[in-house]
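Residue numbers (the working numbering), protein chains in the order written: chain B, 2 to 196; chain X, -6 to 156.
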Amino acid sequence: MSTINFANREINFKIVYYGPGLSGKTTNLKWIYSRIPEGRKGEMVSLATEDERTLFFDFLPLDLGEVKGFKTRFHLYTVPGQVFYNASRKLILRGVDGIVFVADSAPNRLRANAESMRNMRENLAEYGLRVEDIPVVLQVNKRDLPDALPVEMIQAVVDPQGRFPVFEAVATEGKGVFETLKEVSRLVLARVGST
Amino acid sequence: MVEPSLVLYGALYQRAMDVLQETLQETGARYALFVDRKGFVLAHKEALWAPKPPPLDSLATLVAGNAAATQALAKLLGEARFQEVVHQGERMGLYVDEASEFALLVLVFDDNAPLGKVKLHGKRAAETLARLAEEALANPPKLNLDTQYREEARALLDELFGN
Ligand SMILES: Nc1nc2c(ncn2[C@@H]2O[C@H](COP(=O)(O)OP(=O)(O)OP(=O)(O)O)[C@@H](O)[C@H]2O)c(=O)[nH]1
Ligand SMILES: [Mg+2]
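Printed below as a string of structure tokens:
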């Protein structure tokens, strides 16, 4: 859970962007990086292949500012969505405080969305966590696709019980990106001190 | 089991800082970091003479990622763990050792620091830090952050991420 450094008076949260390959996780982080002013963000680190697919993770630290004397920071990560990178994907979930599940609206990715969610459950279980234990926000991305599936259809396969807050997005244009980030941050902060 | 938070404060934090300081002196390394396995910096020290370090957030994240991957490799090969790691370039080097199941010691050194000393004192420091980490985990502090923290934080979210 959150890492608290009393000596430096810091509280750090880890937020992970999860989802199938090419759903737009890295695009979310790039947009955030491009819009957050200097001084409130650190370097963005991307461990990617030649063709820009995430190989291990992307990382972006954000500085929320000082809250009641505590510097409050968010560390954003993306996982590699490609199925065969599961070993590294699992490692990124360690110590996660909140998750953004980025689903793809393309019809031929419906099954990939469902499989990625199942895979996330399995990987969390290895850390003794259930999806219900962690704030999760569902971002339905690529709403600009001409043949985008209805949101309800995507929700029905990844979150049939409708537990997660849902945001529609076009990450390439920044639509819905900050709304999603703000919601997951809010949910993560809401748990501070309540345990 | 949920990953416990490793919280260093007060006397424990001071002791960790002392260990890092001593290790810098004994090894001649530039920077010493105590990092949790999630990639957050718990404590760090820089030698007085050292130039400005690279971004520590990035350093800690990459080291933790690397250590996690190395540990996964060890498991694949049926080993409980691998020994410390040393990366050496022409001028700069990196020493990473585990300090308990939950933290890591990182030393960044240049070619003035003898590798033998880095390894010897690095190992000792890692052992001491491992005990500190275990003590810290055994006595987690009560966090008195109340609703006021959450409300203030929420106002900042609006400011940084927009309404
Ligand atoms: N049309 C459209 N394309 C998008 C959108 N978001 C991302 N893309 C494109 O989808 C492709 C993949 O985006 P990435 O952000 O790299 O995907 P990822 O989820 O990080 O993929 P992995 O790293 O393999 O897991 C890129 O070409 C993006 O430009 C969107 O909202 N609409
Ligand atoms: Mg990616």
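All C-beta atoms in this analysis are idealised placements derived from N, C-alpha and C, irrespective of residue type, glycine included. As the structure is a prediction and not an experimental result, all values here were calculated from the model.
Kindly indicate which residue of the options has the alpha-carbon position closest to the one of residue i.
i, options, result
"Val137 of chain B", "B:Phe179, B:Ser117 and B:Glu184", "B:Glu184"
"Thr20 of chain X", "X:Tyr88, X:Ala67 and X:Gln7", "X:Tyr88"
"Tyr24 of chain X", "X:Ala146, X:Glu144, X:Met85 and X:Glu128", "X:Met85"
"Thr79 of chain B", "B:Pro147, B:Thr55, B:Lys42 and B:Asn6", "B:Thr55"
"Ala157 of chain B", "B:Gln83, B:Phe57 and B:Ser106", "B:Ser106"
"Pro62 of chain B", "B:Val84, B:Ile37 and B:Arg131", "B:Ile37"
Using the C-alpha atoms, what's the distance from residue j back to residue i?
i, j, result
"Leu100 of chain X", "Glu44 of chain B", "21 Å"
"Thr121 of chain X", "His114 of chain X", "11 Å"
"Leu69 of chain X", "Ala61 of chain X", "12 Å"
"Met(-6) of chain X", "Glu123 of chain B", "A caution first: Met(-6) of chain X carries a pLDDT of 37, below 50, which makes its placement in the model too unreliable to give a value."
"Phe160 of chain X", "Leu5 of chain X", "With chain X covering only -6 through 156, there is no way to say anything about residue 160 of chain X."
"Tyr86 of chain B", "Glu72 of chain X", "22 Å"
"Leu92 of chain B", "Leu139 of chain B", "21 Å"
"Lys143 of chain B", "Ala149 of chain B", "7 Å"
"Phe102 of chain B", "Tyr19 of chain B", "5 Å"
"Arg147 of chain X", "Asn105 of chain X", "48 Å"
"Asp160 of chain B", "Pro166 of chain B", "10 Å"
"Lys26 of chain B", "Pro107 of chain X", "43 Å"
"Leu188 of chain B", "Ala113 of chain B", "26 Å"
"Lys173 of chain B", "Leu111 of chain B", "In the sequence as presented, Lys is not what sits at residue 173 of chain B; that position holds Thr. Cα-Cα distance, rounded: 20 Å."
"Leu149 of chain X", "Asn59 of chain X", "33 Å"
Would you say residue i and residue j are within 8 Å of each other, going by their C-beta atoms?
i, j, result
"Lys15 of chain B", "Lys31 of chain X", "yes"
"Ala65 of chain X", "Ala88 of chain B", "yes"
"Phe98 of chain X", "Phe33 of chain X", "Reading the sequence as shown, one finds Leu at residue 98 of chain X and not Phe. Taking 8 Å as the Cβ cut-off, Leu98 of chain X and Phe33 of chain X do not qualify as a contacting pair."
"Val171 of chain B", "Asn29 of chain B", "no"
"Phe95 of chain X", "Asp11 of chain X", "no"
"Lys69 of chain B", "Tyr142 of chain X", "yes"
"Asp64 of chain B", "Ser47 of chain B", "no"
"His37 of chain X", "Leu55 of chain X", "no"
"Ala40 of chain X", "Ala22 of chain X", "yes"
"Glu180 of chain B", "Phe168 of chain B", "yes"
"Gly66 of chain B", "Thr73 of chain B", "yes"
Per DSSP, which residues does residue i bridge with? Please list them.
i, result
"Ser47 of chain B", "B:Asp59"
"Lys42 of chain B", "B:Leu63"
Count the other CB atoms within 10 Å of the CB of residue i; is the residue buried (16 or more) or exposed (fewer)?
i, result
"Pro21 of chain B", "buried"
"Pro151 of chain B", "exposed"
"Trp32 of chain B", "buried"
"Thr140 of chain X", "exposed"
"His80 of chain X", "exposed"
Cβ-heavy atom distance between residue i and ligand 3 below 7 Å?
i, result
"Arg54 of chain B", "What this structure holds is ligand 1 and ligand 2, not ligand 3."
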